[in-house]
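So for the sequence shown, numbering that gives the first Met the number 0 puts the first residue at 0; every next one is plus one. Idealized CB from N, CA, C, for every residue including glycine.
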Amino acid sequence: MGMSKRKIYWTCQIFGWTLLILVEYLAYLFQDGFDPNALYLAIANIGLGISLTHLYRLMIRRLNWVRLPFLQLAPRVLLSVFVLALIMTAVNLPIDRIIVPTYFADEPWIVMGYIMTWGKTMLAWVLSYTVYHYVERTRDAEIEQILLKTSIRDTEAKVLRSQLNPHFMFNALNSIRALVYENPTKAQQSITQLSNLLRNSLLADRRKTVELREEIKTVEDYLSLEKVRYEERLQSHIELDPRTLFWQVPPMMLQTLVENAIKHGVSKGVSGGFVDVTSRLDDEKLHLSIRNTGVLGDKEASGGFGLANTAQRLDLLYGPEATFTIGQEDDTTVRADIIIPIQSDTIFRRREAALR
Numbered sequence: 000m001g002m003s004k005r006k007i008y009w010t011c012q013i014f015g016w017t018l019l020i021l022v023e024y025l026a027y028l029f030q031d032g033f034d035p036n037a038l039y040l041a042i043a044n045i046g047l048g049i050s051l052t053h054l055y056r057l058m059i060r061r062l063n064w065v066r067l068p069f070l071q072l073a074p075r076v077l078l079s080v081f082v083l084a085l086i087m088t089a090v091n092l093p094i095d096r097i098i099v100p101t102y103f104a105d106e107p108w109i110v111m112g113y114i115m116t117w118g119k120t121m122l123a124w125v126l127s128y129t130v131y132h133y134v135e136r137t138r139d140a141e142i143e144q145i146l147l148k149t150s151i152r153d154t155e156a157k158v159l160r161s162q163l164n165p166h167f168m169f170n171a172l173n174s175i176r177a178l179v180y181e182n183p184t185k186a187q188q189s190i191t192q193l194s195n196l197l198r199n200s201l202l203a204d205r206r207k208t209v210e211l212r213e214e215i216k217t218v219e220d221y222l223s224l225e226k227v228r229y230e231e232r233l234q235s236h237i238e239l240d241p242r243t244l245f246w247q248v249p250p251m252m253l254q255t256l257v258e259n260a261i262k263h264g265v266s267k268g269v270s271g272g273f274v275d276v277t278s279r280l281d282d283e284k285l286h287l288s289i290r291n292t293g294v295l296g297d298k299e300a301s302g303g304f305g306l307a308n309t310a311q312r313l314d315l316l317y318g319p320e321a322t323f324t325i326g327q328e329d330d331t332t333v334r335a336d337i338i339i340p341i342q343s344d345t346i347f348r349r350r351e352a353a354l355r
């Protein structure tokens, strides 16, 4: 396990200040020889440098300077550097006058020289730490933003998965009620299909994707219930490539599009119409097509929530690689096409199915 940020900070503090003061002390040692007072001063400077810069660190964190704009941050940083350099000068200058008085004989601007020397050291430390703290805060903010976007996307996807048309439920119940006396067996079968459909819709907000074969069962139950209502006016056909059965698709997506096809296409025809669902693989991508009787017209008016729902869910789950298009195939037929890129769990399921 790596070192914590706190340990790294203190390691850099101790090592950095010790190395800086040690270099200056060794230069003095080679030139003037050993002096215990100079050694004590060097040790004191190490402790003072660490203490002052740590106080600066606590101050900018408490005052939250890093959040300030550059024009407000810059003068505060420069003032801090000057104050830190002034304190180091106030400590070192009187002691140096005693230890090495010969150095001060011809130096009229000695105070300014000390402040400039310590100022460069403090400026390097302050800039390093301020930039590091700024970069660290920016990175944390980016991570928080990514997590927030992910949370929002998950919430949006959950809401979209839970959207169903309640009118279908009322129509299905009315159709089943008419069958209770006319065809009790068919009524029982329809109740089972409605139960399956309701169960799948309730589970939809708990799962991001389901296998295509499971989604098709939901579509088949839905079509069977609608055939009770439309009888011979509704014709349906489902043709699937066996290689696509284990492909992961958004739950209730096809059901929503089929429902949309019947509501805005088949139901408006005098003699009814048809709904065809097909699947195929092309270039390692799943291609789903829903064809139905109808005239598209205004997508917003005729498509309702179903079209926007499908486009949003595909974008949330797969990004720009997934596409949804709808258009007029001919004068009497509307065609919706969905393309879903391959996912890692899809590959695993396909391999697993091939071994059965």
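For T243, the closest of R212, L172 and D336 by C-alpha to C-alpha distance is R212. Beyond the five residues adjoining it in sequence on each side, V80 comes within less than 7 Å, by CB distance, of G118, M121, L122 and V125 in the same chain, given in chain order. G268 and Q342 have their C-alpha atoms spaced approximately 39 Å apart. Judged by pairs of C-beta atoms under 8 Å, the segment 168-178 touches the segment 223-240, as three or more such pairs exist. The segment 30-38 makes no contact with the segment 56-72: fewer than 3 CB pairs, one atom from each, lie closer than 8 Å. By the C-beta criterion, the segment 10-24 is judged to be in contact with the segment 37-53, since at least 3 inter-stretch pairs fall below 8 Å. Listed as beta-bridge partners of D336 by DSSP are S288 and T324.
In the DSSP annotation of this structure, the continuous segment of the beta strand (DSSP E) that includes L233 starts and ends at L233 to L239. According to the DSSP assignment, R206 belongs to no alpha helix (DSSP H), since it is labelled neither H nor E. For N199, same chain residues with a beta-carbon under 6 Å away, outside a window of 5 residues either side, are T217 in chain order. Apart from the 5 residues on each side of it in sequence, V65 sits with its Cβ closer than 8 Å to the Cβ of I59, L72, T129, H132, Y133 and R136 in its chain, given in chain order. Distances from the CA of F169 to each of N182, I190 and T184 were compared; the closest alpha carbon is that of I190. For F81, the enclosing alpha helix (DSSP H) has its first and last residue at F69 to I98. A distance below 8 Å separates the beta carbons of V333 and G293. A distance of 8 Å or more separates the beta carbons of V276 and L313. Under the criterion of beta carbons closer than 8 Å, I237 and I261 do not qualify as touching, at roughly 14 Å.
Pairing S278 with G318, the inter-Cα distance amounts to about 21 Å.
In this structure, the CA atom of L67 is about 10 Å from the CA atom of R75. For V209 and P249, the gap between their C-alpha atoms comes out near 6 Å. Assigned with DSSP and collapsed to three states, V274 falls in strand. In the three-state reduction of the DSSP assignment, L244 falls in the coil class, being assigned neither a helical nor a strand state. I145 has its alpha-carbon roughly 33 Å from the corresponding atom of T52. For K267, no alpha helix (DSSP H) encloses it, and the DSSP letter there is neither H nor E. Bounds of the alpha helix (DSSP H) holding N259 are M252 to H263. Note on geometry: alpha-carbon atoms of K284 and E258 lie some 24 Å from one another.
A direct Cα-Cα distance of roughly 38 Å separates P183 from D336. Of the other Cβ atoms in all chains shown, 16 or more fall within 10 Å of the Cβ of L193; this residue is therefore buried. It is roughly 23 Å from the alpha-carbon of Q12 to the alpha-carbon of D139. Residue pairing from DSSP places D281 in a beta bridge opposite K284.
For D34, the three-state secondary structure derived from DSSP is coil.
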